[in-house]
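Novice: One structure, as structure tokens, below. Some questions next.
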Amino acid sequence: MALATENLAGTDTAAVERPKITTRAVNVYYAEKQAIRDVDIDIAGNIVTAFIGPSGCGKTTFLRCLNRMNDTIDSCRVEGDIRIDGEDIYDRAVDVVHLRTRVGMVFQKPNPFAKSIYENVAYGPRIHGLAASRPALDEIVEDSLVRAGLWDEMKDRLDQPGTSISGGQQQRLCIARAIAISPEVILMDEPCSALDPIATARIEGLIDELRARYTIVIVTHNMQQAARVSQKAAFFHLGELIEFDDTEKVFTNPSEGRTQDYITGRFG
Amino acid sequence: MNSRPRPIADPARLRRRHAAERRFRLYGVAAVALAVGALALLLATIVVKGHGAFLQTRILVEVYFDAGEIDPSGTRDAANLRRGNYTVLAKRALYQHFPAVSERRERRSLARLLSTGNDLVLRALVRDDPDLIGTRQAVWLIASDDVDMLVKGHVSRDLGEGDRPLDDAQLGWFDALVADHRIEQAFNTMFLSRGASREPELAGVLGAAAGSAWAILICILVSVPLGVMAAVYLEEFAPQNRWTDLIEVNINNLAAVPSIVFGLLGLAVFLNFFGLPRSAPLVGGLVLALMTLPTIIISARAALLAVSPSIRDAALGVGASRVQVVLHHVLPQAMPGMMTGTIIGMARALGETAPLLMIGMVAFIVDVPTGPLDPATALPVQIYLWANSPERAFVEKTSGAIMVLLGFLILMNTAAVWLRTRFEGRR
Chain A
124 MALATENLAG TDTAAVERPK ITTRAVNVYY AEKQAIRDVD IDIAGNIVTA FIGPSGCGKT
184 TFLRCLNRMN DTIDSCRVEG DIRIDGEDIY DRAVDVVHLR TRVGMVFQKP NPFAKSIYEN
244 VAYGPRIHGL AASRPALDEI VEDSLVRAGL WDEMKDRLDQ PGTSISGGQQ QRLCIARAIA
304 ISPEVILMDE PCSALDPIAT ARIEGLIDEL RARYTIVIVT HNMQQAARVS QKAAFFHLGE
364 LIEFDDTEKV FTNPSEGRTQ DYITGRFG
Chain B
21 MNSRPRPIAD PARLRRRHAA ERRFRLYGVA AVALAVGALA LLLATIVVKG HGAFLQTRIL
81 VEVYFDAGEI DPSGTRDAAN LRRGNYTVLA KRALYQHFPA VSERRERRSL ARLLSTGNDL
141 VLRALVRDDP DLIGTRQAVW LIASDDVDML VKGHVSRDLG EGDRPLDDAQ LGWFDALVAD
201 HRIEQAFNTM FLSRGASREP ELAGVLGAAA GSAWAILICI LVSVPLGVMA AVYLEEFAPQ
261 NRWTDLIEVN INNLAAVPSI VFGLLGLAVF LNFFGLPRSA PLVGGLVLAL MTLPTIIISA
321 RAALLAVSPS IRDAALGVGA SRVQVVLHHV LPQAMPGMMT GTIIGMARAL GETAPLLMIG
381 MVAFIVDVPT GPLDPATALP VQIYLWANSP ERAFVEKTSG AIMVLLGFLI LMNTAAVWLR
441 TRFEGRR
């Protein structure tokens, strides 16, 4: 924490009271190609932070650094300092499996397991031993589905395959799956890009409700969506963090010309 | 207005296009028809040639179960009964029907109408019911292969006496038996229940089928776990570097190595170095496993590659370890694809002859193997051996064995397809 406050003065990132996630001088390379340049950011807890920017600007890459999903890509190299609650997540002592139980993720394309709806939600708690008994597991599944706004639709068809429901329902199922292991942070990588406006509206409503209990970071291409759901917005361009501020300020009165150009649709 | 030509519905163009499309479809239909036709022709030829193997000519005679020949001590002891001279009983039974034939040479000639394996038939009867001793019973005895061929129309009576297997006297006796309704064709149970024999009418495929079954069992037990583990490691865990590239290239090369080379390898390694028994299905199975391993690895890797990466992300995202990702999500989804590769590999292994020749599974073995260490042959090797036999009767046995091999294959594939649909249903 000392490190975070120390460095804050010297950077142009907006000051955050008690940051949940802090990153300093993060550089990411795919083989020789640099995808992220010197990103310093402080992400506050219990709000929604949106990453916006044109395609290929590195916002998804950066998001995937936050729960070390980039570890699975052989050529990917992450440098710099990323801390959650002050703990360096790239430290050798950190177990990546444990990290991912703290930092859940929802992906661009709904990707339920090829198992029943119940099993989709129960899988995480089961492999982490979060439920001692079947009734306890049932409770976690019900609670997660309720919080994902899916319980009423799904309670009578829990044994149907997770792949048999609609795209919007699948994505909410994925959110239920992510919150079933009680993460602290939920990363969302363009969670609505494959959904129709009605399903999108439901997910956005859900994100707003979840904010009270989780720290949410969402990558989105949709300006209106970023404006609707987030309290803070970070604009990335060509692998750099250009601007990071309250969402309202970024969209109404950005301090950078490039941000202005992007949100008004002049490029991207 | 736009000066560029706009597409118009030119009837001639349209006609040409439709004609091209029809022609293309016709080529496809012709190709399929040709393939199906060739397959049908092959099957028809085999069935026409081979169905005779499942029929055997029999001769009805009155057998007197002479206690003096089979149970001189009168104890009815099972061990004694097994040692009795049943061949004599069979011959005497036939002599009775031709009292005029009394000279030794003539009698020997007459006895040649019967198979030399009738002692087996009579012994089995006495074993099942010792009370037959001392009685006179009508028994269907096995005819010799020459008589069998005559009945099935493979021997022409028009040939000169020296050119056909049965001489005039034998033909006369045969005709007398036919007139007496003592000749019939019945289902050949021996073909499916016995091992190899020098006598075509006594030869069966069970020994070879059992040898094949043991070898394939060993092959599956060795190659499937090895192949799947290798594929999983290479696809899911191994880093992409020069070593894994080298391994991949070599696996692909190995898949193209002629099967006889694997036989030589088996001979050098399993027999000469490890000293495993010659002609054993264990060694055959190991050699076949080496041969199918590349096929299984390649198809299993393709199946793993076909599993959507988003499933891996999803599982990693909820904190599954890489092993859990593979075991819980990737493998179940890849399983049907892996099964397909395994079926192809096993079908190839089942029909393989060359490597088995090298490790001695080509021997003449009468006993049906009861374990993977008993000497045995395999079905394709048996087919090869019979195809080389001079007796006319082995021609139909060869085709009959091919039918059994095909049946074996169909059975195995059906089982695999059934398993695959069950896996697919579960996900």
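Heads up: the protein sequence lines correspond to chains A and B, in order. When you line the first sequence up against the numbering used here, it's residues 124 to 391, in that order. When you line the second sequence up against the numbering used here, it's residues 21 to 447, in that order. Glycine is no exception: its CB is placed at the ideal position from the N, C-alpha and C atoms.
Determine the DSSP secondary structure at B/Glu411, reduced to helix, strand or coil.
Specialist: Looking at B/Glu411 - three-state DSSP - the assignment turns out to be coil, as it is neither helix nor strand.
Novice: Which residues in the same chain have their Cβ closer than 6 Å to the Cβ of B/Leu284, if we skip the five residues on either side of it in sequence?
Specialist: Met378, listed in sequence order.
Novice: At least one CB of chain B closer than 9 Å to the CB of A/Pro142: is that the case?
Specialist: Taking Cβ atoms only, chain B never reaches closer than 9 Å to A/Pro142, which makes this a no.
Novice: Taking the C-alpha atoms as reference points, what is the distance between B/Phe141 and B/Leu161?
Specialist: Correcting the residue type first, residue 141 of chain B is Val in the shown sequence and not Phe. Cα to Cα, the separation comes out at about 7 Å.
Novice: Mind checking whether B/Arg132 and B/Gln205 have CB atoms under 9 Å apart?
Specialist: Going by C-beta atoms, B/Arg132 is not nearer than 9 Å to B/Gln205.
Novice: Looking at chain A, which residues of the segment 320-337 of chain B have a Cβ within less than 8 Å of any of its Cβ atoms?
Specialist: From the segment 320-337 of chain B, only Ser328, Ser330, Ile331, Arg332, Asp333, Ala334, Ala335, Leu336 and Gly337 have a Cβ closer than 8 Å to chain A.
Novice: Express the C-alpha separation of B/Ala110 and B/Leu439 in angstroms, rounding to a whole number.
Specialist: Answer to the nearest angstrom: the Cα atoms are 50 Å apart.
Novice: Would you mind telling me which residues of chain A sit closer than 8 Å to B/Pro259, beta carbon to beta carbon, in chain order?
Specialist: Near B/Pro259 (Cβ distances below 8 Å), the residues of chain A are Asp197.
Novice: Note down the Cα distance separating B/Ala235 from B/Gly305, rounded to an integer number of angstroms.
Specialist: Going from the Cα of B/Ala235 to the Cα of B/Gly305 covers about 4 Å.
Novice: When you compare only the Cα positions, how much space is there between A/Lys278 and A/Gly272?
Specialist: About 11 Å.
Novice: Sort A/Ala154, A/Ser267 and A/Thr172 by Cα distance to A/Glu371 and report the nearest one.
Specialist: Ranking the options by Cα distance to A/Glu371, first place goes to A/Thr172.
Novice: Assign A/Gly133 to buried or exposed, taking buried as 16 or more other Cβ atoms, counted over all protein chains shown, within 10 Å of its Cβ.
Specialist: Below a pLDDT of 50, predicted positions are generally treated as unreliable, and A/Gly133, at 37, falls in that range; the measurement from the model is reported next regardless. By the neighbour-count rule (16 or more Cβ atoms within 10 Å), A/Gly133 is not buried but exposed.
Novice: State the Cα-Cα distance for the pair A/Asp165 and A/Lys182, rounded to the nearest angstrom.
Specialist: The alpha-carbon atoms of A/Asp165 and A/Lys182 are separated by roughly 15 Å.
Novice: Compute the distance between the beta-carbons of B/Met77 and B/Val167, then report whether it is under 9 Å.
Specialist: Strictly speaking, residue 77 of chain B in this sequence is Thr, with Met absent from that position. Yes.
Novice: In chain B, which residues lie with their C-beta within 7 Å of the C-beta of A/Val220?
Specialist: Those are Gly339 and Ser341, listed as they occur along chain B.
Novice: Using the beta-carbon count (16 or more within 10 Å), is B/Met249 buried or exposed?
Specialist: It counts as exposed.
Novice: Between B/Leu370 and B/Phe428, how many whole angstroms is the CB-CB distance? I'm expecting something under 8 Å.
Specialist: Correct: roughly 7 Å between the Cβ atoms.
Novice: Just tell me which of A/Ala356, A/Val151 and A/Arg141 has its CA closest to the CA of A/Gln347.
Specialist: Checking every option, the nearest Cα to that of A/Gln347 belongs to A/Ala356.
Novice: Can you pull the chain A neighbours of B/Gln344, defined as C-beta to C-beta under 7 Å?
Specialist: What B/Gln344 touches in chain A: Ile250.
Novice: Mind listing the chain B neighbours of A/Arg336? Cutoff is C-beta to C-beta under 8 Å, in chain order.
Specialist: The contacting residues do not exist; A/Arg336 stays about 17 Å from chain B at best.
Novice: Output needed for B/Asp187: all residues of its chain with C-beta closer than 8 Å, excluding positions within five of it in sequence on either side, in chain order.
Specialist: Answer for B/Asp187: Ser129 and Glu181, listed in chain order.
Novice: Label B/Ile28 either buried or exposed according to how many other C-beta atoms from any shown protein chain fall within 10 Å of its C-beta, with 16 as the threshold for buried.
Specialist: Under this definition B/Ile28 is an exposed residue.
Novice: Looking at chain B, is there any beta carbon in it that lies within less than 9 Å of the beta carbon of A/Pro235?
Specialist: Taking Cβ atoms only, chain B reaches closer than 9 Å to A/Pro235, which makes this a yes.
Novice: With DSSP as the reference, identify every bridge partner of B/Leu161, one or two as the case may be.
Specialist: B/Leu161 pairs with B/Ile79.
Novice: A/Ala301 touches chain B at which residues, Cβ-Cβ below 8 Å?
Specialist: Near A/Ala301 (Cβ distances below 8 Å), the residues of chain B are Gly337 and Val338.
Novice: Would you call the CB atoms of A/Ile339 and A/Met311 closer than 9 Å?
Specialist: In contact: A/Ile339 and A/Met311 (Cβ atoms closer than 9 Å).
Novice: Can you tell me the Cα-Cα spacing of A/Pro377 and A/Asn150, whole angstroms?
Specialist: Cα to Cα, the separation comes out at about 25 Å.
Novice: Which bits of chain A does B/His349 rub up against, with CB to CB less than 8 Å?
Specialist: Going along chain A in sequence order, the residues near B/His349 (Cβ under 8 Å) are Phe236 and Ala237.
Novice: Does the beta-carbon of A/Tyr337 have 16 or more other beta-carbons within 10 angstroms, so that it is buried, or is it exposed?
Specialist: That one is buried.
Novice: Count the other CB atoms within 10 Å of the CB of A/Asp368; is the residue buried (16 or more) or exposed (fewer)?
Specialist: Classification of A/Asp368: buried, given that the 10 Å Cβ count is 16 or more.
Novice: If you measure between the beta carbons of A/Ile72 and A/Ile240, is that distance less than 9 Å?
Specialist: Since the first and last residues shown for chain A are 124 and 391, residue 72 of chain A lies out of range.
Novice: B/Pro356 CB to nearest chain A CB: under 9 Å?
Specialist: No, its Cβ sits nowhere closer than 9 Å to a Cβ of chain A.
Novice: Using DSSP bridges, identify the partner residues of B/Phe207.
Specialist: Answer is B/Leu75.
Novice: So is B/Arg447 in contact with chain A if we call contact Cβ pairs under 9 Å?
Specialist: The predicted model places B/Arg447 with a pLDDT of 48, which falls under 50 and marks its position as unreliable, so this point remains unresolved.
Novice: Assuming A/Arg325 contacts A/Gly291 (C-beta within less than 8 Å), just tell me the rounded distance between them.
Specialist: Between A/Gly291 and A/Arg325 the Cβ distance is about 6 Å, and since that is below 8 Å, they are a contact.
Novice: So B/Gln402 contacts chain A; which residues on that side make the cut at Cβ distance below 7 Å?
Specialist: What B/Gln402 touches in chain A: nothing, since even the nearest Cβ is about 44 Å away.
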